[in-house]
Amino acid sequence: NAVADHELLVLLGNDKAFSKVSSISLASCVQVTEKSLLPILRCCGANLTYLDISGCWLLTKRTLEIIKECCPKLNHLNMSRCSGIMLEDALDIIEGSKLVNSLQRLGIAYMGGVCHRISRANFEHIAEKTENFLLKHPNISVGSTQIFFRLCMRKLE
């Protein structure tokens, strides 16, 4: 998965056909940054229903702000292992956007601010916030997140 910014920008080029893309997976493309992802989202975000950026640990909260603005039809978003995006920020951004109405699947395991270098109190706060988010938005599935949180709790004990 050696795709990097340069390759993505070359692929995007000035091709209007790219605006019709509805599914993108950049899973584990660890060299991808906002430099290339943001123009792609601006180009095809209006039709995008599936986005997997799991393991793209160089992405930040800004990525999610652009997703919120550009991807109104998104129903699958996997941000697992995006350590540059804090889970708490992600939940806040999604909560305050139209994404809560379109999202059906949300990957959030091992995001920034969870499990590593975090106090038990902060972790419990994030776990509670996640649970409240899911109770408010039962249309959104997060897969094995409960198992993930249990594993993190064991690490904190």
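Going by full-length UniProt numbering, the first residue of the sequence shown is number 1, and it counts up by one from there.
The beta-carbon is built from N, C-alpha and C at its ideal position, and this holds for glycine as well.
Going by DSSP, R81 is part of no beta strand (DSSP E) at all; its letter is neither H nor E. H137 sits in coil when the DSSP states are folded into three classes, being neither helix nor strand. For I108, the CB contacts under 7 Å within the same chain, skipping 5 residues up- and downstream, are M79, S80, L87, A90, V142, T145 in chain order.
DSSP places D92 in the helix class (H, G or I) of the three-state scheme. Looking at S22, L38, E65, the one whose alpha-carbon comes closest to that of G96 is E65.
At a Cβ-Cβ threshold of 8 Å, R105 and H137 do not count as neighbours.
Looking at V30, V21, I24, S23, the one whose alpha-carbon comes closest to that of V3 is V30.
Contact between I24 and L9 is absent: CB atoms are separated by about 14 Å, not below the 8 Å threshold. Judged by DSSP secondary structure, I40 falls within the alpha helix (DSSP H) whose first and last residues are 34-44. Between G84 and G45 the beta-carbon gap is near 20 Å, outside 8 Å, which marks them as no contact.
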